[in-house]
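Chemist: Numbering (numbering that gives the first Met the number 0), first residue to last: 0 to 133.
I have a structure I would like to understand better, so I am pasting it below and will then ask my questions one at a time.
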Amino acid sequence: MRRAQLPLSLVEVALGAVLILGVALGFALGTPAPDTRVPQLEAYAEDTATILANEPPRHDRTTRLQEVVVSERAFERERHALDRRVARILPENVLFHVETPHGSVGTPVPGQMTTGTATVSTGSGTVRIEVWYA
């Protein structure tokens, strides 16, 4: 009784074709791109908080953030300057909301938005900065 056998070179060609096809499909389909929105927004929020926490005040205290959280009167006096400063720090396509114990500046955070957040504690209160793409 004779048995049929595939020639070894035919087996090698088939395995090579499967390997090449697998590599080609890997390149064609690719891998999903990582979501870079959240880490970038977190970086924007942290950078903004760091700048404000280290920036000299316009009137008194040691930093701009300490100046705006010391009292409601100080916040009202510095509200527009804080709003303008944060807008200058962030790129044009990023909106923000800065919450202090005495009030907030910026755009209210819309629901269901991906945001980046940074929180800074000062001697007079906590400041929360949220940023998101417009």
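Heads up, the beta-carbon is just placed ideally off N, CA and C, and yes, glycines get one too.
These numbers come from a predicted model, not from an experiment.
Between the stretch 84 to 102 and the stretch 40 to 58, are three or more C-beta pairs nearer than 8 Å?
Modeler: Yes: the two stretches touch, three or more of their Cβ pairs being nearer than 8 Å.
Chemist: Evaluate the contact criterion for the stretch 14 to 26 versus the stretch 62 to 71: three or more CB pairs, one atom per stretch, below 8 Å.
Modeler: no
Chemist: For my contact list, residue 131 and residue 118 are in at a C-beta cut-off of 8 Å; report their separation, rounded to the angstrom.
Modeler: At roughly 16 Å, the Cβ-Cβ gap does not stay under 8 Å, so residue 131 and residue 118 are not in contact.
Chemist: CB residue 75 to CB residue 58, shorter than 9 Å?
Modeler: no
Chemist: I'd like to check one pair, residue 116 with residue 129: are the Cβ atoms closer than 9 Å?
Modeler: yes
Chemist: I'd like the span of the alpha helix (DSSP H) that includes residue 47, first residue to last.
Modeler: Segment 36 to 53, the alpha helix (DSSP H) holding residue 47.
Chemist: If you drop the 5 nearest sequence neighbours on each side, which residues of the same chain put their C-beta closer than 6 Å to that of residue 88?
Modeler: Within the same chain, 47, 50 come within 6 Å of residue 88 by CB-CB distance, once the 5 residues on both sides are set aside.
Chemist: Label residue 125 either buried or exposed according to how many other C-beta atoms from any shown protein chain fall within 10 Å of its C-beta, with 16 as the threshold for buried.
Modeler: Classification for residue 125: exposed.
Chemist: Apply the 10 Å Cβ neighbour rule to residue 64 and answer buried if 16 or more other Cβ atoms are within range, or exposed otherwise.
Modeler: Residue 64 is classed as buried because its beta carbon has at least 16 other beta carbons within 10 Å across all chains shown.
Chemist: Determine the extent of the alpha helix (DSSP H) in which residue 97 is found, giving its start and end residues.
Modeler: Taken as a continuous stretch (DSSP letters only), residue 97 belongs to no alpha helix (DSSP H), being part of the beta strand (DSSP E) at 93 to 99.
Chemist: Using only CA atoms, which one of 6, 99, 133 lies nearest to residue 91?
Modeler: 133
Chemist: Roughly how far, in whole angstroms, is the beta-carbon of residue 110 from the beta-carbon of residue 82, given that I think they are within contact range, below 8 Å?
Modeler: The beta-carbon separation of residue 110 and residue 82, rounded to 22 Å, does not stay under the 8 Å limit for a contact.
Chemist: Pick helix, strand or coil for residue 23, following the three-state DSSP scheme.
Modeler: helix
Chemist: What does DSSP give as the partner residues of residue 128 in its beta bridges?
Modeler: According to DSSP, which records beta bridges pairwise, residue 128 is partnered with 97, 117.
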